[in-house]
Every structure is written in structure tokens, then in C-alpha cells.
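**Student:** Converting from the sequence shown to my numbering requires adding 1007 to each position, the first position being numbered 1.
Glycine residues also receive a C-beta, built at the ideal position from the N, C-alpha and C atoms.
Fair warning: this is a prediction, and the values are worked out from it, not measured in the lab.
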Amino acid sequence: MFKSIFYVLILAIIVNLVQSQALQVGSYARYQEGTCPTPTGGFNITQDHFGYQIINASGRNTMANITVNSDSSFTGSGYLYNLNPPYGFSGFTSVKGIVYNQYMFTATYAKAPGYAGGTFFFQFNSC
1008 MFKSIFYVLI LAIIVNLVQS QALQVGSYAR YQEGTCPTPT GGFNITQDHF GYQIINASGR
1068 NTMANITVNS DSSFTGSGYL YNLNPPYGFS GFTSVKGIVY NQYMFTATYA KAPGYAGGTF
1128 FFQFNSC
């Protein structure tokens, strides 16, 4: 009996640790590496069965299929857009990052043709 209680307790601790790696769904401010404390935009994080999705203030997807691992790292797909004509979606790149806590994370976009890559810091906006 004590052995089964011990296993249930261990399982509960593991589930709690994994859940603590989750991101808070809601509004975030994004900062480009080296530009703090000036945010570069507002973003909304949602979650569905594919993982987390991040949408910018214009309604465009910026990251999708974000899967947070038990070690607080994550991977996903980054959407790339042309900043000059012709405007619009130009492709995908891989994104990886670290979740510091449920309210803060860093995402690094990989280099892609026409895109130099970049690292961004996201912080939950509670205002």
C-alpha cells in the first residue's frame, strides 16, 4: 500500500514539474535582443492541440506548433514576411528557445534565405 502511495506521489510531482513549464496564454510584449526596455510589438499567445501559437497585433502568425519540453526548451516554426514589396508571407524558419517561467521566454529564429535570424525576449503583459 505504501509503495503505491509513493508511486502516486512521484507521478504527481512529475506532472506538476511538467505543467510548470507551460506558458501563460495571453498578451505578451516582445523585445529584440539588445533593445530593452523598448518593446518591438505586442503579441498574443494561444494554445491548441498542435501546441502554442503566437500572433502579432496585425493578426499575422509569427510562430506556430511550439512544443515545450520538460527541460524548459522549446521548438517550433517561425513565419517570415517580406518587409518590402511584394509584401506578405515569404516562408518558414525553425525557432528554438527557453522558457524561463510561465511569463517569460526567449525565442531564436534560425537564418533563412533573405533573413538574418534573430533572438527575441517575450514577457507577459499584465497591464
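#1: Going by DSSP, what residue range makes up the beta strand (DSSP E) through Gly1124?
#2: For Ala1119, which residues of its own chain have a beta-carbon under 7 Å away from its beta-carbon, when the five flanking residues on both sides are left out?
#3: Quick check on Phe1128: buried or exposed, where buried means 16 or more other Cβ atoms within 10 Å of its Cβ?
#4: With distances taken between CB atoms, is the gap from Arg1037 to Thr1047 smaller than 8 Å?
#5: Compare the Cα-Cα distances from Glu1040 to each of Asn1108, Tyr1059, Phe1112 and report the closest residue.
**Tutor:** Taking the definition as stated:
#1: Per DSSP, Gly1124 is not a residue of any beta strand (DSSP E), being assigned neither H nor E.
#2: Leu1087, Gly1098, Thr1100, listed in sequence order.
#3: With 16 or more other CB atoms across the displayed protein chains lying within 10 angstroms of its CB, Phe1128 is buried.
#4: Contact flag set, yes.
#5: Out of Asn1108, Tyr1059, Phe1112, Phe1112 has the C-alpha closest to the C-alpha of Glu1040.
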